[in-house]
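Inspection log for the structure reproduced underneath, given as structure tokens.
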Amino acid sequence: MTDLTDLTIAEARDGLKAKRFTATELTEAYIGAVERGRSLNAYVVETPEKARAMARASDERFARGEERPLEGIPLGIKDLFATEGVHTQACSHILDRFKPAYESTVSANLWADGAVMLGKLNMDEFAMGSSNETSHYGPVTNPWRRQGSNATLVPGGSSGGSAAAVAARLCAGATATDTGGSIRQPAAFTGTAGIKPTYGRCSRWGIVAFASSLDQAGPIARDVRDTAILLKSMASVDPKDTTSVDVPVPDYEAAIGQSVKGLKIGVPREYRLDGVPAEIDALWQKGIDILRDAGAEIVDISLPHTKYALPAYYIVAPAEASSNLARYDGVRYGLRVPGDDIVDMYERTRAAGFGEEVKRRILIGTYVLSAGYYDAYYLKAQKVRTLIKRDFEAVYANGIDAILTPATPSAAFAIGEKAGADPVEMYLNDVFTVTVNMAGLPGLAVPAGLSSEGLPLGLQLIGRPFDEETLFRVGSAIEAAVGTFAPAKWW
Amino acid sequence: MSVDTATVRRVARLARIKVSDEEALRMTHELNSILGFVEQLNEVDVTGVEPMTAVVSTRMKKRQDVVTDGDIPERVTGNAPISDDNFFMVPKVVE
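Heads up: the protein sequence lines correspond to chains U and S, in order.
Mapping of the first sequence onto the numbering used here: position 313 corresponds to residue 313, and the numbering continues sequentially without gaps.
Mapping of the second sequence onto the numbering used here: position 93 corresponds to residue 93, and the numbering continues sequentially without gaps.
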């Protein structure tokens, strides 16, 4: 019998249904894999007893023939999602010992569909980072290594624990979140698939807030079908989130394998950047060729404001973060450092509790929102955002069904490699993904090949609002041509 | 636009984050790097452009103004670093 942790979610679902193995056996296989994979630092908390109890309940459901869509499927949950009674700290020191008295809507949806929780996954502190190096719990190790090298690589971020755990088979799938690329960039760095759905598709209720107009939850999984299966359960219309949009959740899995014949795929010329390695361009061309061979029509398109998305993001996101993170004051939850008076207590608590990157973004955000600068920075950035959105609207109005771009400007890099004096160097990781958040559109990262050093590289598909189905359809066509990718086990 | 160390100290005070002299100096360089990066937005003409307020045009949802939850003070204060009899405890703020 093959190792149960090698099965995709779809395969595990079939195996459980056919009673080839039990939910308890599947869960035990993952609990063992999580223990043996501790050196990767993907999990910050393991919940094996909870997992066992949930798996037992799933087996009882199977025995009664009452199984639900994700019955008995073991998942990892990013530490940004509130999980009742279980460590939820956004991997920050300032949320020390926080155990919420409530469950996030997205994770509650997964449990209601029968999924099993293995634990909480590592991430950049408050989802601010592109390498998982800003976590209070230390960096995550990418299970992928360069050919002939033992150098430790980053899994990307901020959902680095989610991506690494999925790639290393430490969970069948994982929840993640994406504010500027935090699902798609780590998926690309680990050879996994990940989708950021349209803003408003998944409820943000119970997810620790970073930049509220950009944050969206989505899944990371081994293949495109598994991301479709997970998104169907994660997405919902939620009265507890006023930005949750009243659109029914379709059966995303039905889009997998549908022909792309006749679809118009846009290729934006502004995504050809100087200094991007030739193999990224070659990968992009490979994606174009695959879709053309499958019968899609490739159309050269222009998104003229692309280059302004990242600078505008570094105003909007820190501004919203500085406001959202004002709640961490040492009074209601988490860390508290005593001071001479209440202001001194606030200042000492926040100085000790926040890491360097988080402080940097709070200060930038406070500055751009401060008296006299609001119009010059925040308002201007929000106007630029309108222009970025209009670029996409014009292209879709011309009949484009989806847009194909690279997911990242490089393969995974080494821990410490981009820890220089200039924070902007790290920010450039999100140059291809951030436009999608600014416009609120859905974006799917799908693995498409390996670099010359043997590291995974991903392509990104950008869709119309609430048309995730076309992304699953096109993504599965790319996957059908290139296959899926798994790291050689060394840990 | 760029900031000096005094501005960084003022902003840190507004944000209620204590910074040492050394940190203020380092953050001044880092913030100027970011502010220099976002400077390129000056190239964009936004005359007559409305700021984006929602990514999908929807009507703001309204809910019934009724009590849906409550009477759980021990759960509300359960995560407080210091609490007493379901009150959050803070240093004295009124003389």
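Quick reminder that beta carbons are idealized off the backbone N, C-alpha and C, glycines included.
Residue i burial status per 10 Å Cβ neighbour count (16 or more: buried)
i: U:Ser-489; result: It should be pointed out that residue 489 of chain U corresponds to Lys in this sequence rather than to Ser. U:Lys-489 should be labelled exposed.
i: U:Lys-19; result: exposed
i: U:Gln-460; result: buried
i: U:Ile-220; result: buried
i: S:Ile-82; result: exposed
i: U:Trp-491; result: exposed
i: U:Phe-210; result: buried
i: U:Asp-6; result: exposed
i: U:Ala-254; result: exposed
i: U:Lys-261; result: exposed
i: U:Leu-444; result: buried
i: U:Asp-178; result: buried
i: U:Ala-165; result: buried
i: S:Arg-63; result: exposed
i: S:Ser-2; result: exposed
i: U:Gln-147; result: exposed
i: U:Asn-429; result: buried
i: S:Thr-53; result: exposed
i: U:Arg-272; result: exposed
i: S:Met-27; result: buried
i: S:Val-94; result: exposed
i: S:Thr-68; result: exposed
i: S:Ser-20; result: exposed
i: U:Ala-397; result: exposed
i: U:Tyr-378; result: buried
Assumed close pair residue i, residue j - CB separation to whole angstroms, cut-off 8 Å
i: U:Ile-290; j: U:Ile-478; result: 6 Å
i: U:Pro-143; j: U:Ala-168; result: 4 Å
i: S:Val-56; j: U:Tyr-199; result: 6 Å
i: U:Arg-269; j: U:Ser-233; result: Between U:Ser-233 and U:Arg-269 the Cβ distance is about 38 Å, and since that is not below 8 Å, they are no contact.
i: S:Val-38; j: U:Lys-383; result: Actually they are not in contact, since the Cβ atoms of S:Val-38 and U:Lys-383 sit about 14 Å apart, beyond 8 Å.
i: U:Ala-480; j: U:Ile-229; result: That belief does not hold up - the Cβ atoms of U:Ala-480 and U:Ile-229 are roughly 17 Å apart, past 8 Å.
i: U:Asn-122; j: U:Ala-42; result: 6 Å
i: U:Asn-132; j: U:Ser-158; result: 7 Å
i: U:Pro-69; j: U:Leu-26; result: Not really, about 16 Å apart at Cβ, beyond 8 Å.
i: U:Phe-392; j: U:Leu-441; result: 6 Å
i: U:Ile-24; j: U:Arg-64; result: Going by the sequence as given, residue 24 of chain U is Thr instead of Ile. U:Thr-24 to U:Arg-64, Cβ: 15 Å. No contact.
i: U:Val-140; j: U:Leu-16; result: With 8 Å as the limit, U:Val-140 and U:Leu-16 do not qualify as a contact, their Cβ atoms being about 29 Å apart.
i: U:Pro-311; j: S:Gln-40; result: 5 Å
Backbone CA spacing between residue i and residue j [nearest angstrom]
i: U:Ala-319; j: U:Gly-129; result: 16 Å
i: S:Phe-87; j: S:Thr-77; result: 7 Å
i: S:Ile-72; j: U:Tyr-333; result: 16 Å
i: U:Gly-160; j: U:Leu-455; result: 16 Å
i: S:Val-44; j: U:Asn-437; result: 19 Å
i: S:Val-66; j: U:Ser-244; result: 20 Å
i: S:Thr-7; j: U:Cys-91; result: 30 Å
i: U:Ser-410; j: U:Val-431; result: 11 Å
i: U:Tyr-313; j: U:Gly-181; result: 11 Å
i: U:Asp-96; j: U:Ile-265; result: 47 Å
i: U:Met-1; j: U:Arg-13; result: Confidence at U:Met-1 is low in this model, with a pLDDT of 49, below 50, so the placement of that residue is unreliable and no value is reported for it.
i: U:Leu-80; j: U:Ile-207; result: 6 Å
i: U:Gly-339; j: S:Lys-92; result: 11 Å
i: U:Lys-240; j: U:Ala-82; result: 14 Å
i: U:Val-44; j: U:Ser-162; result: 11 Å
i: U:Asp-293; j: U:Gly-76; result: 37 Å
i: U:Arg-184; j: U:Asp-341; result: 44 Å
i: U:Ala-414; j: U:Gly-138; result: 14 Å
i: U:Trp-284; j: U:Lys-50; result: 43 Å
i: S:Arg-59; j: S:Ala-24; result: 44 Å
i: S:Lys-18; j: U:Val-358; result: 14 Å
i: U:Thr-435; j: U:Ile-388; result: 7 Å
i: U:Pro-100; j: U:Gln-89; result: 10 Å
i: U:Gly-85; j: U:Arg-61; result: 24 Å
i: U:Ser-203; j: U:Arg-361; result: 25 Å
i: U:Asp-226; j: U:Ala-112; result: 18 Å
* Could you name each continuous beta strand (DSSP E) segment of 3 residues or more that falls completely within the region 397 to 433 of chain U, going from the start of the chain to the end? => 402 to 406
* To do: Report the residue ranges of all alpha helix (DSSP H) runs contained in full by the region 333 to 400 of chain U; include only those spanning at least 4 residues, in chain order.
  => 342 to 353, 356 to 369 and 380 to 397
* To do: Check whether the region 422 to 438 of chain U touches the region 19 to 36 of chain S, taking contact to mean three or more Cβ pairs, one atom from each stretch, closer than 8 Å.
  => yes
* To do: Could you pull out every unbroken alpha helix (DSSP H) segment of at least 4 residues lying fully inside the region 51 to 96 of chain U, listed in chain order?
  => none
* Which runs of the beta strand (DSSP E) fall wholly inside the region 152 to 208 of chain U and span at least 3 residues, in chain order? -> 173 to 178 and 193 to 196
* Asked: Between the region 269 to 287 of chain U and the region 325 to 340 of chain U, do at least 3 Cβ pairs fall closer than 8 Å?
  -> no
* **Complete beta strand (DSSP E) runs within the region 10 to 72 of chain S (minimum length 3 residues, chain order)** => none
* Is it a yes or a no for the region 9 to 25 of chain S touching the region 332 to 351 of chain U, going by three-plus beta-carbon pairs under 8 Å? -> yes
* Can at least three beta-carbon pairs, one atom from the region 404 to 419 of chain U and one from the region 338 to 345 of chain U, be found at a separation below 8 Å? -> no
* **Given 8 Å, three or more beta-carbon pairs between the region 102 to 117 of chain U and the region 189 to 196 of chain U** => no
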